[in-house]
Each structure stands twice: as structure tokens, then as C-alpha cells.
Amino acid sequence: MVRATAQHSSGQKTYEMDEIAEIVRRIGRQQGQNAHYRTCYTLLKKSQDLILQTSNELLDLYHSNAFEEPESVSTIADDLRNDIHALSARERRARSQWDEFFESDK
Numbered sequence: 001m002v003r004a005t006a007q008h009s010s011g012q013k014t015y016e017m018d019e020i021a022e023i024v025r026r027i028g029r030q031q032g033q034n035a036h037y038r039t040c041y042t043l044l045k046k047s048q049d050l051i052l053q054t055s056n057e058l059l060d061l062y063h064s065n066a067f068e069e070p071e072s073v074s075t076i077a078d079d080l081r082n083d084i085h086a087l088s089a090r091e092r093r094a095r096s097q098w099d100e101f102f103e104s105d106k
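Per the UniProt record's numbering, residue 1 is the first one in the sequence shown, and the count goes up by one each step.
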């Protein structure tokens, strides 16, 4: 049996290598989860910013009396749709990476 010693403030504790390996695996899983949730938060924040930006563009258009021009509204709608598609693609990639991470972790 291989043993390793770790120094703690309360004294010394002896760990077996299997215990150390499990601790390292847990840390790796936690780091993977943290990375995923960071990505999710970033996508949520980008979505919020996109909604705010689009709302402001529509309000500006309305207040400028150019709201009656359907091309302007269509352009804003097209931009929003394209941005949402891009965010959705990033979300699918993040979900796929999450699934791969936990599949490989078994």
C-alpha cells in the first residue's frame, strides 16, 4: 500500500494514494462544472445585453418617427434572429461539452 502524508494545521494525516486520486478527480469535476456554469452565465448575460440593445434600437426608431419604415424594423428583427441563432449554437456546444465531460468522467 502506498501512503502519502499531508500536513494540516491540526497535525499530520496519512492518505492512501487512492484517496488522493479521488480528491484530484473531484477537483477536476468541480473545475469542469465551474467552466460550464461560467459559459452559461456568459450566454445569459449576452442574451440580456442583446435584448436591451434591441429594445433600445426599437425605442430609438419609434421616437425618431422612422418606425413606419418596415425595412428598419425588419433589419433589427433580422439582426436579433441572427444573434439568437449564434447564441443558441453556443449553448448547444456548451451542452454537448457538458455531456461529453460527464460521459468521460464515468
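C-beta atoms are modelled at their ideal positions from N, C-alpha and C, and glycine is treated no differently.
Is residue 103 helix, strand or coil when you go by DSSP?
Per DSSP, reduced to three states, the secondary structure at residue 103 is helical.
In chain order, what residues of the same chain have a beta carbon less than 6 angstroms from the beta carbon of residue 39, not counting five sequence neighbours either side?
In the same chain as residue 39, and ignoring 5 residues on each side of it, the C-beta atoms closer than 6 angstroms to its own belong to 94, in chain order.
If residue 87 sits next to residue 43, beta carbons under 8 angstroms apart, how far is it from one beta carbon to the other, in whole angstroms?
Right, the Cβ-Cβ distance comes to about 6 angstroms (below 8 angstroms), so this counts as a contact.
Hey, does residue 87 have any beta-carbon neighbour from chain C nearer than 8 angstroms?
As a matter of chain content, chain C is missing from the structure shown, which is built from one protein chain.
Cα separation between residue 53 and residue 90?
If you draw a straight line from the Cα of residue 53 to the Cα of residue 90, it comes to about 20 angstroms.
Per-residue DSSP class, three states only, for residue 71
For residue 71, the secondary structure class from DSSP, reduced to helix, strand or coil, is helix.
On a Cα-Cα basis, can you pick out the residue from 73, 83 and 29 that is closest to residue 60?
Minimum Cα distance to residue 60 is reached at 73.
So, using beta-carbon positions, are residue 76 and residue 58 closer together than 8 angstroms?
With a cutoff of 8 angstroms on beta-carbon distance, residue 76 and residue 58 are scored as near each other.
Cα separation between residue 92 and residue 104?
Roughly 18 angstroms between the two C-alpha positions.
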